[in-house]
Amino acid sequence: MKDLRLNLLLAVVLLILCAAGLLLGEVQLTGAQFAQALADPASGPGVVLWEVRAPRSAAAVVVGAALGLAGAVMQGLLRNPLADPGVLGVSGGAGLGAALAISAGLAGLAGAVEAAALAAALLVGLMLTALAARFREPETLILFGVALSAFAGALTSLVFNFSPSPVTLAEVFSWLLGSVANRDWGDIGRGLIPMTIGAGLCVYAARGLLMLTLGDEAAALSGLPMARLRAAAVAGASLLTGAAVAVAGIVGFVGLAAPHLVRAGAGADPGRVLAPSALAGAGLLVLSDLAARLIPTDQELKLGVVTALFGAPLFALIAWRAARSWRG
Amino acid sequence: MTPALELAQVQVGRDGRPVLQDVSLQAQAGEVVGVVGANGAGKTTLLRAALGLVRLDGGHARLAGADVHSLSELQRAARAAYLPQERHLGWNLPAWRIASLGAHHRPPAEARARAFEALARVGLEGLEPRGVLEMSGGERARVLLARLLVAQAPLLIADEPAAGLDPDAQLLALDLLREEATRGAAVVLTLHDLGLAARACDRILVLHQGRVLADAPPRDALSRKALAAAFNLDGELQHTAAGPVLVATRRSR
Numbered sequence: 001m002k003d004l005r006l007n008l009l010l011a012v013v014l015l016i017l018c019a020a021g022l023l024l025g026e027v028q029l030t031g032a033q034f035a036q037a038l039a040d041p042a043s044g045p046g047v048v049l050w051e052v053r054a055p056r057s058a059a060a061v062v063v064g065a066a067l068g069l070a071g072a073v074m075q076g077l078l079r080n081p082l083a084d085p086g087v088l089g090v091s092g093g094a095g096l097g098a099a100l101a102i103s104a105g106l107a108g109l110a111g112a113v114e115a116a117a118l119a120a121a122l123l124v125g126l127m128l129t130a131l132a133a134r135f136r137e138p139e140t141l142i143l144f145g146v147a148l149s150a151f152a153g154a155l156t157s158l159v160f161n162f163s164p165s166p167v168t169l170a171e172v173f174s175w176l177l178g179s180v181a182n183r184d185w186g187d188i189g190r191g192l193i194p195m196t197i198g199a200g201l202c203v204y205a206a207r208g209l210l211m212l213t214l215g216d217e218a219a220a221l222s223g224l225p226m227a228r229l230r231a232a233a234v235a236g237a238s239l240l241t242g243a244a245v246a247v248a249g250i251v252g253f254v255g256l257a258a259p260h261l262v263r264a265g266a267g268a269d270p271g272r273v274l275a276p277s278a279l280a281g282a283g284l285l286v287l288s289d290l291a292a293r294l295i296p297t298d299q300e301l302k303l304g305v306v307t308a309l310f311g312a313p314l315f316a317l318i319a320w321r322a323a324r325s326w327r328g
Numbered sequence: 001m002t003p004a005l006e007l008a009q010v011q012v013g014r015d016g017r018p019v020l021q022d023v024s025l026q027a028q029a030g031e032v033v034g035v036v037g038a039n040g041a042g043k044t045t046l047l048r049a050a051l052g053l054v055r056l057d058g059g060h061a062r063l064a065g066a067d068v069h070s071l072s073e074l075q076r077a078a079r080a081a082y083l084p085q086e087r088h089l090g091w092n093l094p095a096w097r098i099a100s101l102g103a104h105h106r107p108p109a110e111a112r113a114r115a116f117e118a119l120a121r122v123g124l125e126g127l128e129p130r131g132v133l134e135m136s137g138g139e140r141a142r143v144l145l146a147r148l149l150v151a152q153a154p155l156l157i158a159d160e161p162a163a164g165l166d167p168d169a170q171l172l173a174l175d176l177l178r179e180e181a182t183r184g185a186a187v188v189l190t191l192h193d194l195g196l197a198a199r200a201c202d203r204i205l206v207l208h209q210g211r212v213l214a215d216a217p218p219r220d221a222l223s224r225k226a227l228a229a230a231f232n233l234d235g236e237l238q239h240t241a242a243g244p245v246l247v248a249t250r251r252s253r
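So the protein sequences, as listed, match chains A and B. Here full-length UniProt numbering is used: position 214 in the first sequence is 214, and no number is missing along the way. Here full-length UniProt numbering is used: position 186 in the second sequence is 186, and no number is missing along the way.
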């Protein structure tokens with residue numbers, strides 16, 4: 001009951017934010033223009049509403065939900081409130097895939113960069129799933145994640161290094177900064193397929209996440225198929241993160257922040273924070289995108305920059321509070 | 001009767017170094033078996049071998065007659081419950097929620113009722129809703145002991161269930177494990193305190209450098225000779241009105 005109320009509340013907040021995302025923007029639409037947009041999608045205001053604002057908000061919703069859910073799963077799996085979808089190197093791998101595709105000149109091909117990002121994320125995800133089956137300790141997985149992240153970062157730098165032209169360089173860089181602007185419904189649809197599979201795997205893994213709070217060995221003796229559940233968690237979070245990066249580039253800290261925001265209401269149970277984390281992640285990203293759109297700047301403010309500006313201090317705050325509980 | 005736990009000529013190695021050599025052990029329903037030995041003697045590895053958590057280089061580990069490595073996770077959990085020495089908990093869940101995980105396969109209402117009952121048994125009545133990370137180390141250890149009791153398994157394996165507890169809580173923990181044995185469970189535990197082991201166990205297995213030095217009732221297992229060989233102690237168990245007490249000094253090598 002408590003869970004249902006929290007999810008409903010978060011859903012209502014998300015709907016209000018989405019409505020704001022449709023109502024507000026660079027072009028001010030009057031009431032009459034909104035009526036025209038609703039009546040005739042092909043009209044000028046209709047295009048603004050249905051081809052610009054709506055897909056932008058929808059992309060923010062699916063990417064935010066995917067990152068929020070992936071973050072909650074990672075934190076549960078690694079038993080660490082500071083884990084986020086980037087910690088295991090999946091985001092870095094996806095970024096590398098996109099950078100490679102852009103410098104190979106595939107940016108003009110619809111969906112090619114996204115597919116490359118997702119493929120690279122899946123490759124990292126497969127490696128992590130194999131590692132997670134072999135090493136049960138979360139610390140080991142985190143260290144491998146740091147190594148994979150660093151390696152993906154090094155290879156991305158190499159791509160920059162050998163980049164044929166400053167234009168390509170700027171293109172890769174702009175993509176890596178993260179944005180949900182100029183996404184069409186096709187982009188979102190293509191992202192939704194791996195996200196749905198990833199979400200399914202995460203829901204399957206939820207009961208294992210709760211058991212892992214006891215530690216690996218007690219969980220192994222609990223009767224749950226922990227090896228399978230752990231693999232599902234890693235694979236699911238990787239799919240969600242990879243698909244999110246494919247749609248929007250690298251958007252940090254949403255996966256870290258969303259589970260924290262909902263724990264006050266949902267409690268600490270790592271299985272029960274999943275759904276509210278997805279909703280909160282979606283809300284956070286729609287809000288961040290609104291900020292990126294409405295804060296007046298000469299250059300467009302990139303979404304990943306906004307989330308990092310707010311997210312990094314939040315990370316420090318969470319670390320501060322977590323350190324207190326570790327000491328106790 | 002088929003023993004709840006049977007280890008037969010178990011060999012376990014790590015990095016080419018033997019940790020357990022030719023270790024055999026049986027635990028029957030109703031019995032409390034203690035495993036003692038100096039640091040590094042192989043106590044925890046023995047428990048982990050019994051539960052199928054380490055690969056055996058030789059020998060067999062059977063739970064209620066079935067090879068532990070042939071059992072599904074569910075079958076294994078139905079035959080044995082485990083309290084590891086590691087007491088780190090990941091999230092600040094209420095004590096009752098942690099305890100109820102011992103019966104997670106039961107309907108939620110039943111798991112919760114069992115958890116409240118077990119928390120009362122370990123002396124944490126009234127603290128059921130408290131977050132486990134807000135508790136003292138000793139209270140947390142009791143919550144985890146409650147989780148073991150909640151499982152109501154036919155074999156309870158506990159690694160240092162008395163570590164970190166107040167003296168009265170140590171006795172309480174061992175009394176509770178004895179109650180479980182009386183209920184019909186087999187109990188296998190490791191203990192550092194030899195006096196407690198002698199008081200709590202029907203049989204004691206003394207491990208020394210991965211081998212079984214003795215497997216007998218406490219009085220025989222913790223003989224002068226065994227104390228000298230396995231623990232470098234000069235002394236003996238003395239039997240007092242309050243139970244056995246170890247009176248010993250450190251031997252000069």
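We put the CB at the ideal spot given by N, CA and C, even for glycine.
Annotation for V90/A: the continuous alpha helix (DSSP H) segment containing it runs V90 to S103. Chain order gives the chain B residues near R79/A as H88, L89, G90 and W91, where near means a beta carbon separation below 9 Å. Straight-line spacing of the CA atoms in A29/B and V36/B works out to 20 Å. Counting only Cβ-Cβ distances below 9 Å, G215/A has contacts in chain B at P84, E86, R87, H88, L89 and G90, in chain order. About 11 Å separates the CB atoms of T156/A and I102/A; that is not less than 8 Å, and the two are not in contact.
Distance between E300/A and G255/A, taken at the CA atoms: about 23 Å. At a cut-off of 7 Å between beta-carbon atoms, H69/B makes no contact with chain A. Among the residues facing chain B, L221/A is included, as its CB has a counterpart in that chain under 7 Å away. For secondary structure counted as the beta strand (DSSP E) over 3 or more consecutive residues, the stretch 6–62 of chain A holds no complete run.
No Cβ of chain B is located within less than 7 Å of the beta carbon of P194/A. The CB of L74/B comes closer than 7 Å to the CB of G223 in chain A, given here in chain order. Between A72/A and chain B, the shortest Cβ-Cβ separation is not below 7 Å. Scanning A120/A, G97/A and V203/A for the CA closest to the CA of A70/A turns up V203/A.
Close CB contacts of S100/B within its chain, under the 6 Å cut and outside five residues either way in sequence, are with A111, R112 and A115 (chain order). In this chain, the alpha helix (DSSP H) harbouring V245/A covers M226 to A248. Contact note: A80/B reaches chain A through L221, using a C-beta cutoff of 9 Å and chain order. Scanning its chain for C-beta atoms nearer than 6 Å, with the 5 sequence neighbours on each side dropped, one finds around G59/B the residues A8, Q9, V10 and Q11, in chain order. Here T30/A is exposed. Its C-beta has fewer than 16 other C-beta atoms within 10 Å. Counting every other CB atom within 10 Å of its CB across the protein chains shown gives G178/A a total of 16 or more, marking it as buried. Residues of chain B whose Cβ lies closer than 7 Å to the Cβ of P270/A are, in chain order, W91. For L63/B, the enclosing beta strand (DSSP E) has its first and last residue at G58 to L63.
Scanning R183/B, A200/B, G184/B and A185/B for the CA closest to the CA of L191/B turns up A200/B. The DSSP-derived three-state label of H69/B is helix.
At a cut-off of 7 Å between beta-carbon atoms, A77/B makes contact with chain A. Annotated as proximal: T129/A and A231/A, with beta-carbon spacing under 7 Å. For G34/B, the enclosing beta strand (DSSP E) stretches over residues V32 to G37.
If you check the CB distance, G265/A and L6/A come in under 7 Å. With a cut-off of 8 Å on Cβ pairs, the stretch 183–200 of chain A is not in contact with the stretch 308–319 of chain A, counting fewer than three such pairs. The Cβ atoms of S277/A and A72/A lie closer than 7 Å to each other. Within the stretch 104–122 of chain B, the residues whose Cβ lies closer than 9 Å to some Cβ of chain A are H104 and H105, listed in chain order. L227/B is outside the set of residues whose beta carbon lies under 7 Å from a beta carbon in chain A.
Under the DSSP assignment, L126/A falls outside any beta strand (DSSP E), being part of the alpha helix (DSSP H) whose first and last residues are A112 to R134. At least one C-beta of chain B is nearer than 7 Å to the C-beta of A218/A. Taking C-beta atoms under 8 Å as the contact rule, L78/A and G283/A fail to qualify, at a distance of about 24 Å.
Rounded to the nearest whole angstrom, the CA to CA distance from G21/A to S57/A is 6 Å.
Residues of the stretch 55–69 of chain A with a C-beta atom less than 7 Å from some C-beta of chain B do not occur.
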